[in-house]
Amino acid sequence: MKRREFLVGSALTIGAITIVPSELFAGETSRKFKVIYDFDLKYDTKSFEAKLWNPLPFNSDYQKVRFLKFSGNYDDYNINSNNPYDARVLYTSWSKSDKKKTLHVEMEIETKTREVSLKLIKKASKQNLPLPKDVEFYLKPTEHIPTDGKIKEIADKLTKNIDDTFQKVQAIYDWVTETTFRDPKVIGCGVGNAGKMVESGYFGGKCTDISSLFVALLRAAGIPSREVFGIRLGLSHFSKALGKADKNGFANISTWQHCRAEYYIAGIGWIPSDPADITKLELVEKLKYDDKKVKELRARYIHSWEMNWVGFNHARDFILSPKPEQFPLNMLGYPYAEVDGDVLNYYSPRAFSYKITSQEVK
Amino acid sequence: MRYIFLILALFSLSFAKVMVIHVEGMTCPLCTMAVKKSLKKIDGVSKVKVRLNTKKATVIIDKKVDKKALLNAIKDAGYRGKIISDKD
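These protein sequence lines map, in sequence, to chains X and Y.
Residue numbering for the first sequence is 1 to 362, as defined by this note's numbering.
Residue numbering for the second sequence is 1 to 88, as defined by this note's numbering.
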């Protein structure tokens, strides 16, 4: 399939599945965003070959890609999820030439407030049901999410004498949100190296760092969990620290990639959480851990997400398809590109270059 | 003309060395670029290839390039290097 525009309707294949039943959502509200990616790949030399892997959102009960359309002067492309995490990727490539390398991607994304009732979580947690086989995958360590050593020590200490799964989650969540802090000097979302964080004893980081620590501790405590890489799409109704837009609902979201987390309780399914945004709220609004607004967000973000955001995948330390020069890839929240074998700086939209915008559709 | 290029290439290779360095601390694809850029700043380094999966940097250098300069360049980029092979 070469040099053609491709239009995919709402029948996009589902890349990841949530098993949370829709009746669990309270006060469900829907939002729609038109998201546009524009690429014009840059390199030191005039003539170069390029390969680009761009993450695409998964479909679930709480987010749907209503349409996806893309065009450009690429020589080849495919949409694939050929990796252990079913992470959906739009792959495009350009052969060596001195022409511009452009790609335009448009999506309409519908999201719904994602909240799982605490009452139901606590009830299911007490039942201690067996885990489904496929969920056990999210108990395994990866290069950046170790479950032994110091991570295990901390997890054991935090959950000592606690039998109930949700109470264990609560203990780990409280410790992570209190111990970590947002370090604005960290580039992008951070590497998410939970092992290094506990070994160094430095708990400053950004969303991937903090979510990965939460995930590693939960896995070490025997609770399936995973990061969810995605991007903020617009205005937060809770705080401008968690998403902004102009008066028309428009936002340049090129640097708004954001990593959240989920944990699994049998009988309920995957439950949303976002420990990193607690630290962002504290930093941006200059609040303390025990301030009322922080307390309110802490209570919300152990079982809900505000959906001014869309998720791409749960992939860590994996290999993209087709196989790039560099692997494994730490995470895929940003576009990833290789030019003549060199990796473009995905943390810098200008150097790469790409622009991502979002328009909320009323 | 082709022969002149061939002779020049062979001549330059006789003054070149291939160093393979184990680089510790690289965690993502961008780390390989940081190591590559730092090594390429050294005079006498003609080609650098860094691989994340093997954690190895292969560097073609002039024989006059000090090995310590290579390790320092890796250190400046924020990683630790250890020479594992050094061939003429």
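Cβ coordinates follow ideal geometry from the N, Cα and C atoms, glycine included.
Within the stretch 67-135 of chain X, the runs of beta strand (DSSP E) that reach at least 3 residues and sit entirely inside it are, in chain order, 76-80, 89-97, 102-112.
Interface annotation for the stretch 10-39 of chain Y against chain X: Thr27, Cys28, Pro29, Leu30, Thr32, Met33, Lys36, criterion Cβ-Cβ distance under 8 Å. Distances from the alpha-carbon of Thr208 of chain X to those of X:Lys133, X:Asn83, X:Ser239, X:Val176 put X:Val176 closest. In terms of beta-carbon proximity, Pro328 of chain X lines the interface with chain Y, with at least one pair separated by less than 8 Å. In this structure, Met307 of chain X and Thr111 of chain X form a Cβ contact; the two beta carbons are roughly 4 Å apart against a cut-off of 8 Å. At a cut-off of 8 Å between beta-carbon atoms, Val191 of chain X makes contact with chain Y. Residue environment: Asn252 of chain X is assigned as exposed (fewer than 16 neighbouring CB atoms within 10 Å of its CB, all protein chains considered). By the CB criterion at 8 Å, Phe214 of chain X and Tyr173 of chain X fall inside the cutoff. Minimum Cα-Cα distance from Lys101 of chain X among the listed residues X:Lys46, X:Glu108, X:Gln127 corresponds to X:Lys46. Inclusion of Ile84 of chain Y and Ser38 of chain Y in the CB contact set at 8 Å is not warranted, their separation being larger than that value.
The C-beta distance from Ser304 of chain X to Glu115 of chain X rounds to 4 Å, short enough to meet the 8 Å contact threshold. When CB distances to chain X are screened at a threshold of 9 Å, not a single residue of the stretch 54-77 of chain Y falls below it. DSSP lists X:Gly204 as the beta-bridge partner residues of Phe181 of chain X. Separation of Phe327 of chain X and Asp342 of chain X (C-alpha to C-alpha, rounded to the nearest whole angstrom) is 12 Å. Cβ contact annotation for Lys67 of chain Y (same chain, cutoff 8 Å, sequence separation greater than five): Met19, Ile83, Asp86, in chain order.
In the three-state reduction of the DSSP assignment, Thr357 of chain X falls in the strand class, which pools E and B.
In this structure, the straight-line span from the alpha carbon of Lys119 of chain X to that of Ile268 of chain X is close to 11 Å. Using a Cβ-Cβ distance cut-off of 8 Å, the stretch 46-54 of chain Y and the stretch 314-329 of chain X are in contact, since at least three pairs of beta carbons, one from each stretch, lie closer than that value. Beta-bridge annotation (DSSP): Val310 of chain X is paired with X:Ile231. For Ser30 of chain X, the closest alpha carbon among the candidates X:Arg66, X:Ile162, X:Thr113, X:Lys150 is that of X:Thr113.
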